[in-house]
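To start, the structure under review is shown below, and the notes come after it.
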Amino acid sequence: MKRRSRTFEDRASRFKQHATIGMGCTRLFQLTTCCMLLGLGSAAHAQDIHFSQFFNVPMGLNPGAIGQFDGDYRAHAAFRQQWRSVTIPYRTFALGGDAHDFKGVRGLGVGAWLFNDRAGDSRMNQFHMSLGASWTEHFGANREHGVTVGAQLGFTSLTLDNGGLSFDQQYNGFYYDPDRDNGENFKRYGLVHPDLHTGVVYRFTPAPRRLMQIGFGVFNLTKPGIGFLNEPTVPLDRRTEFHMLFSFTASERIDVLPMMRVMNQGTYRELIMGANMRYILLDRYGLNRAVLLGVHLRGGDAGYVYGGLERDDWTFGVSYDINTSALVPASRNRGAIEFTVLHIWKKRPAVPVRFKACPEQI
């Protein structure tokens, strides 16, 4: 019976063992091994992207968040760079937009979402585009309760370049030889698969500065097959997402925004907990000026700090991840930096004028 090839992780692990015996645990080798493991892990078990500022990336949060905002139209963008101190940086760019009560249909939300992610030594590139729609039902004396059900349908394109990867077959027993055949049988270097996601979000807004939002979503419903080798493809695991966002009024000028998010995908788990504080500089006549500061923890992986600025219909955010995982010896606690910007178009009341000039007399 033909023996099935080992997975990428098995090969990376064996290569690490051989190289450790031949070269010793030098810092250069640690960095090289980490780079290799990061690059190959992306190919072996595909995993969805994520942002630390999930609260500023609604189209990537949950399909049930489509159209859930105070305004007519909304657009947002995000950029994330990760692991620059360890390997070739992982870079992710995302862009989204949605509409509230689209075409005057009360409760109908529509949106579009795309991102491009390039990861590690394999230069694995992931491009995604999807369209989504949602429906919201409000209830309560003042319509303060709302339940939204949404769905997204799209596609993802995956490509890689194996020229920057290293394999155990290229170790000749004494040293690593990049000219040796890597022993891999690549069937393809690119593929496209469909995506289908769904989610539901409940919102309770008893007052302008008070909010409770709870959401649950399921991603990759069709579990498309992923694979680059001449072997059976590996199904992309479904990802479940659960989040809670709150806003409480602490004083006339201060709001506290605690939040949490839990995601599960195959054997991977991610828990984010934290809070932002919002200090209001101006809030009248539809004008808004505020600064935000926050601290968040990603269980077993990182902690990050957040700073934001609100100016009328614009929100700007920046966060920095401090790595606390097993990569600390190589990363020196340096994780990722992330930028977000969000804009909402909406009609606002006219600013009253205290004095009016008298018309010229003829």
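Numbering of the sequence shown is given in the numbering used here, commencing with residue 116 and proceeding in unit increments.
A virtual CB, placed ideally from N, CA and C, is assigned to each residue, including glycine.
### Query
Pairing CB atoms from the segment 318 to 328 with CB atoms from the segment 342 to 356, are three or more of them under 8 Å?
no
### Query
Looking at the structure shown, is N403 part of a helix, part of a strand, or coil, going by DSSP?
strand
### Message
Give me the DSSP bridge partner(s) of D436.
### Response
Y419
### Task
Spatial neighbours of S272 within its chain, please: CB distance less than 6 Å, with the 5 preceding and 5 following residues excluded, ordered by chain position.
F242, V307
### Query
Smallest Cα separation from L275: which of R189, R238, R376, A248?
R238
### Query
For the candidate residues N257, M244, G261, A256, whose alpha-carbon lies nearest to that of W250?
G261
### Query
Roughly how many whole angstroms lie between the Cα atoms of D185 and L229?
23 Å
### The beta strand (DSSP E) enclosing P373, as first and last residue numbers
369 to 380
### Query
Where DSSP assigns a beta bridge to Q328, which residues make up the other side?
R318, L360
### Query
Taking just the CA atoms, how far does N231 sit from F289?
40 Å
### Assigned secondary structure, D187 (DSSP; H/G/I helix, E/B strand, else coil)
coil
### Task
Give me whichever residues DSSP pairs with M174 in a beta bridge.
The partner list for M174 (beta bridge, DSSP) is empty, contrary to what the question assumes.
### Task
Could you please give me the residues that DSSP links to S249 through a beta bridge?
G224, G265
### Query
Hey, out of G401, A214, L351, D294, whose CA is closest to H312's CA?
L351
### Beta-bridge pairing of Y383 - partner residues as DSSP gives them
Q380
### Task
Might you give, ordered along the chain, the residues of its own chain that have their beta carbon closer than 8 Å to the beta carbon of D292, omitting 5 neighbours on each side?
Q285, Y286
### Task
Tell me, please, whether the segment 448 to 461 touches the segment 414 to 433 by the rule of three or more beta-carbon pairs shorter than 8 Å.
yes
### Message
Between V172 and chain B, is the shortest Cβ-Cβ distance under 9 Å, so that the two count as touching?
### Response
As a matter of chain content, chain B is missing from the structure shown, which is built from one protein chain.
### Where F217 sits in the DSSP three-state scheme
helix
### Query
Do G330 and G314 have their C-beta atoms closer together than 9 Å?
yes
### Message
Considering only their Cβ atoms, is the gap separating V225 from A214 smaller than 9 Å?
### Response
yes
### Query
For E385, which of L424, R233, G414, F319 has the nearest alpha-carbon?
G414
### Task
Compute the distance between the beta-carbons of S245 and L280, then report whether it is under 9 Å.
no
### Message
Rounded to the nearest angstrom, what separates N499 and G418 at their Cα positions?
### Response
The question about residue 499 has no answer here: the residues shown for the chain are numbered 116 through 477.
### Proximity of G175 and A193 at Cβ, strictly below 9 Å
yes
### Task
Under the assumption that N297 contacts L344 (Cβ atoms under 8 Å), give the Cβ distance between them as a whole number of angstroms.
About 11 Å; that fails the 8 Å criterion.
### Task
To the nearest angstrom, report how far apart Y188 and Y400 are at their CA atoms.
20 Å
### Query
Under a three-way DSSP split, which group does F454 fall into?
strand
### Message
I'd like to confirm the pairing. Which residues does DSSP put opposite T313 in its beta bridges?
### Response
A266, V333
### Task
Out of G222, N240, G265, point me to the one whose CA is closest to E252's CA.
G222
### Task
Would you tell me roughly how many angstroms separate the C-alpha atoms of G485 and T263, rounded to the nearest one?
The requested residue 485 is not part of the displayed model; the chain covers only 116 to 477.
### Query
How big is the Cα-Cα spacing for K461 and P373?
26 Å
### Query
Would you call P178 buried or exposed, if buried means 16 or more other Cβ atoms sit within 10 Å of its Cβ?
buried
### Query
What number of angstroms, rounded off, separates the C-alpha of D216 from the C-alpha of T337?
29 Å
### Query
In chain order, what residues of the same chain have a beta carbon less than 7 Å from the beta carbon of K302, not counting five sequence neighbours either side?
F343, L344, N345
#### Entry: Pairwise C-alpha distance: E367 and L153
Note that L153 has pLDDT 36, beneath the 50 cutoff, so the model's placement of it is unreliable and no number is given.
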